[in-house]
Amino acid sequence: MDAACSSRFGVRARLSVGGRHARDRSSFGRRSRCGERPLTGAAGLIGQRALIGLAVASGLLAGVLYYAGAQRSPVIVAARDLDATHPLTADDLATASLPPDAVPAGSVADVSAALGKIPRAPLWRGQVVLAAGLTEDAAAFHTGLALPRGMRAVALPMGAAQAVGGALVPGARVDVLAVPVGGRAPAGRATELLAQAAIVLDVRADTGAPYGGSIAKSPTTYATDRIGSVVIAIDAADEIKFADRIATSTFILTLVGSR
559 MDAACSSRFG VRARLSVGGR HARDRSSFGR RSRCGERPLT GAAGLIGQRA LIGLAVASGL
619 LAGVLYYAGA QRSPVIVAAR DLDATHPLTA DDLATASLPP DAVPAGSVAD VSAALGKIPR
679 APLWRGQVVL AAGLTEDAAA FHTGLALPRG MRAVALPMGA AQAVGGALVP GARVDVLAVP
739 VGGRAPAGRA TELLAQAAIV LDVRADTGAP YGGSIAKSPT TYATDRIGSV VIAIDAADEI
799 KFADRIATST FILTLVGSR
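Position in the sequence shown counted from 1, then plus 558, gives you this note's numbering.
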């Protein structure tokens, strides 16, 4: 075998030109039948195919991730700040696109589903409109809070100093203290606790408008607003007492902590 290989190699050597045999069309790295050098071309080809496959897989993965990230779902949002007293019109609403995982449950996806409905609470510009947040009936107050069944709403005149320094917001719970005014209240009347944990339905400015309602329109006007009254819910049985105390007392509200 060695002799045959040597003889054959000799023939190839004599017939080669420039170091390569005329019939040897492959590049160096190819293994001869006599075993003089290892086969490397096949391994290189396999490696190239593996790299190509990896590149294709990476491209597909990148495409999938881009497609998932580019997906958007339409949602209806408030086109401007809205109160809870008027039916929604087309000018009140706008369409926004959000990633699917950012869309709140129960959000409205079509304008027609919200037209004519009334928000249960005020909506800020850009806020997503929820189906559960819409109703057919107008709220009694611009805050969207409803008067509990069987109760009455009463406005207590007071300034910011008597209303927790003006820090009250609708929905808060307060205790109501009545301090008798000398010369108007009966002699001997002491300070009374008229209500406990009463819900604040609204806070009104001294002009009768919603307190702070002008901030979106004019910050300067908002800075000059002063609290004029606080609307609370009371039991029907307390109507007469509150009517009398409004004429003869000043009121102080104390904030009740969350339970």
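The beta carbon of each residue, even a glycine, is placed where N, CA and C say it ideally should be.
- Query: Between the segment 674 to 693 and the segment 631 to 651, are three or more C-beta pairs nearer than 8 Å?
  - Reply: yes
- Taking C-alpha atoms, which residue in Ala711, Leu752, Ser670, Ala755 lies nearest to Asp650? Taking only the C-alpha atoms, the option nearest Asp650 is Ser670.
- Message: Can you tell me which residues form a DSSP beta bridge with Ile785?
- Response: Ala763
- Could you name the residues of the same chain whose beta carbon sits closer than 6 Å to that of Arg803, not counting the 5 residues immediately before and after it, in chain order? Ala736
- Which first and last residues belong to the beta strand (DSSP E) in which Phe699 is found? From DSSP, Phe699 is part of no beta strand (DSSP E); its letter is neither H nor E.
- With a 10 Å radius around its C-beta and 16 neighbouring C-beta atoms as the bar for buried, classify Ala801 as buried or exposed. exposed
- Task: Measure how close the beta-carbons of Met716 and Val788 come, nearest whole angstrom, since I'm counting them as under 8 Å.
- Result: 6 Å
- What residue ranges within the segment 639 to 682 form continuous beta strand (DSSP E) runs of no fewer than 3 residues, ordered along the chain? 651 to 656
- Using alpha carbons as the reference points, say which of Val722, Gly786, Leu673 lies closest to Val814. The residue among Val722, Gly786, Leu673 with its C-alpha nearest the C-alpha of Val814 is Val722.
- In whole angstroms, what separates the C-alpha of Pro744 from that of Thr808? Those two C-alpha atoms are separated by around 14 Å.
- Message: Tell me the rounded alpha-carbon separation between Thr806 and Arg742.
- Response: 5 Å
- Query: Is the beta carbon of Thr693 less than 8 Å from the beta carbon of Ile676?
  - Reply: With respect to the 8 Å criterion, Thr693 and Ile676 are classified as neighbours on the basis of their beta carbons.
- Cβ-based neighbour list, Lys799, same chain, cut-off 8 Å, excluding 5 preceding and 5 following: Leu752
- As assigned by DSSP and simplified to three states, the class of Ser631: strand
- To which residues of the same chain is Pro706 closer than 8 Å at the C-beta, ignoring the five residues directly before and after it? Ile757, Ala791
- Message: Using DSSP's beta-bridge definition, name the partner residues of Ala753.
- Response: Val734
- Message: With a threshold of 6 Å on Cβ separation, who are the neighbours of Leu681 within its own chain once the five nearest residues in sequence on each side are excluded?
- Response: Sequence-distant partners of Leu681 (beyond 5 residues in either direction) whose C-beta falls short of 6 Å from its own C-beta, in its chain, are Ala636, Leu640.
- Bounding residues of the beta strand (DSSP E) (the contiguous stretch that carries Arg710): 709 to 715
- Query: Are Pro728 and Asp760 closer than 8 Å when you measure CB to CB?
  - Reply: With contacts defined as CB atoms closer than 8 Å, Pro728 and Asp760 qualify as a contacting pair.
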